[in-house]
Structures are given as C-alpha cells and as structure tokens.
Amino acid sequence: MTGFTKGAKVAALLREVNHLLRQEMRHLFRDAGLTFPQLSVIHVLRKRGRATVHEISAELRLKDSTVSGILDRLEGRGFVTRTRSEKDRRVVHVELTEKFAALHDDLHARVNEYMDAILSRAGEEELYKIIEGLTTLKRVLENNAVARGDTDGQND
Numbered sequence: 001m002t003g004f005t006k007g008a009k010v011a012a013l014l015r016e017v018n019h020l021l022r023q024e025m026r027h028l029f030r031d032a033g034l035t036f037p038q039l040s041v042i043h044v045l046r047k048r049g050r051a052t053v054h055e056i057s058a059e060l061r062l063k064d065s066t067v068s069g070i071l072d073r074l075e076g077r078g079f080v081t082r083t084r085s086e087k088d089r090r091v092v093h094v095e096l097t098e099k100f101a102a103l104h105d106d107l108h109a110r111v112n113e114y115m116d117a118i119l120s121r122a123g124e125e126e127l128y129k130i131i132e133g134l135t136t137l138k139r140v141l142e143n144n145a146v147a148r149g150d151t152d153g154q155n156d
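Residue numbers (full-length UniProt numbering): 1 to 156.
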C-alpha cells in the first residue's frame, strides 16, 4: 500500500465501489423513473415510516426546499402523501403510499436479480471474501458508533 494508509485505501475503495454501484443502480431504476435523490428520500421514509420534511432534510443533509421539490415529484406520481400537523400547521408529515409499496417489491426483486447476476461472475472463494470483508467492516463501524454513544446511527 505504497503512499496510502490502510484507512485511506479503504476509504478510496469504498468511494470507488459506491460510485460503481450507483452507476449500475441508476440504470436499474431508470425504468421506474426514479432518481437517486428520490430514492434517498424513499429510503428515509421506509426506515422511519413517517417523517417531517425537516427530518428528511436533516438526515440527507439537504435544504428543506430541495426535499420539498423531490417530494412534489414523488407526490405527483402517487408515491407519497403529505399531511399538515394539526398542532403546528408549519409541520408537514410525509408517508409512503400503498402504490409505492407495490413498486418497491418490484424494485427490490430487480436489485436482488442484479446482484445475483453480478456476483455469479465471482468464484465461491471470492464471494466468501466479499461477505466476510463487508461483515467485518460493518461490525467495526457498529462498534465505533457504540463507542461514541451513537447506537442508532443518527447522531453526528
């Protein structure tokens, strides 16, 4: 690892793998008409179940106005609903719809098929190493989060 620390090498590899996966996923989701920003918002809503515009913005580190624009497009397609809080009319709650739930099942199947096809090109030992390495990295990251008191991954 000439010229790189191990941490720098891992960070560079993660960036490269993320870039490659994003390129591939962009092609997968193009047919569904979903962009990465829309998928990011959807991911937050799937994880939380219901969230305010501000909560989504904070988690994605985007401006409220940016998230509102993304939500406009998702709402126009019938994938999310927005409801104003009765306690504070400035607060808007967002939820995924049943229409999106049906699409999600299809998208999930596409991702699984894609990953199976890609990984079928790897040998059994390579697959084992990939799974072992990712499992180890996940454990190390989780242990680090616990050590700093961030058990839900939301603290910064």
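All C-beta atoms, glycine included, are put in the ideal place defined by N, C-alpha and C.
Using CA coordinates, which residue listed in Val67, Phe4, Ile42 and His19 is at the minimum distance from leucine 96? Taking the sequence shown and counting its residues from 1, the one referred to as residue 96 is at position 96. Considering only alpha carbons, the answer is Ile42.
What residue from Arg82, Gly123, Ala109 and Glu124 has the CA that sits closest to arginine 50's CA? For the purposes of this step, residue 50 is taken as residue 50 along the sequence shown, with counting starting at 1. For arginine 50, the nearest C-alpha among the options comes from Arg82.
Option nearest histidine 104 by Cα separation, candidates Arg15, Lys63, Phe79 and Pro37: Along the sequence shown, one-based indexing puts residue 104 at 104. For the residues Arg15, Lys63, Phe79 and Pro37, the minimum Cα distance to histidine 104 belongs to Phe79.
Out of curiosity, what's the CA-to-CA distance linking lysine 9 and isoleucine 131? Mapped onto the sequence shown, residue 9 falls at position 9. Mapped onto the sequence shown, residue 131 falls at position 131. The straight-line gap from Cα to Cα measures roughly 19 Å.
Counting along the chain, where does the alpha helix (DSSP H) carrying threonine 66 start and finish? Along the sequence shown, read from residue 1 onward, the residue named residue 66 stands at position 66. From DSSP, the alpha helix (DSSP H) with threonine 66 extends over 64-76.
Are the CB atoms of valine 94 and leucine 71 nearer to each other than 8 Å? Here residue 94 refers to the residue found at position 94 of the sequence shown. Here residue 71 refers to the residue found at position 71 of the sequence shown. Taking the C-beta atoms as reference points, leucine 71 is found nearer than 8 Å to valine 94.
Please state the DSSP three-state secondary structure of leucine 34. Taking the sequence shown and counting its residues from 1, the one referred to as residue 34 is at position 34. Coil, per DSSP.
Assuming arginine 61 is part of the beta strand (DSSP E), what are its boundary residues? For the purposes of this step, residue 61 is taken as the residue at position 61 of the sequence shown. It is not in any beta strand (DSSP E) - arginine 61 carries neither H nor E in the DSSP assignment.
Flag leucine 103 as yes when its Cβ comes closer than 7 Å to any non-hydrogen atom of the ligand ZN, and as no otherwise. Among the components modelled here there is no ligand, and therefore nothing to report on the ligand ZN.
Excluding the five sequence neighbours on either side, which residues of its own chain have a C-beta within less than 7 Å of the C-beta of aspartate 88, listed in chain order? Indexing the sequence shown from 1 puts residue 88 at position 88. Closer than 7 Å at Cβ, skipping near neighbours: no residue.
By the three-class DSSP mapping on this structure, what secondary structure does arginine 46 have? By 1-based counting over the sequence shown, the position of residue 46 is 46. Residue state, collapsed to three classes: helix.
Beta-carbon gap between glutamine 38 and arginine 73 smaller than 8 Å: For the purposes of this step, residue 38 is taken as the residue at position 38 of the sequence shown. For the purposes of this step, residue 73 is taken as the residue at position 73 of the sequence shown. For the pair glutamine 38 and arginine 73, the CB atoms are nearer than the 8 Å cut-off.
State the beta-bridge partners of histidine 108 as determined by DSSP. In the sequence shown, the residue the question calls residue 108 occupies position 108. Histidine 108 is not bridged to any residue.
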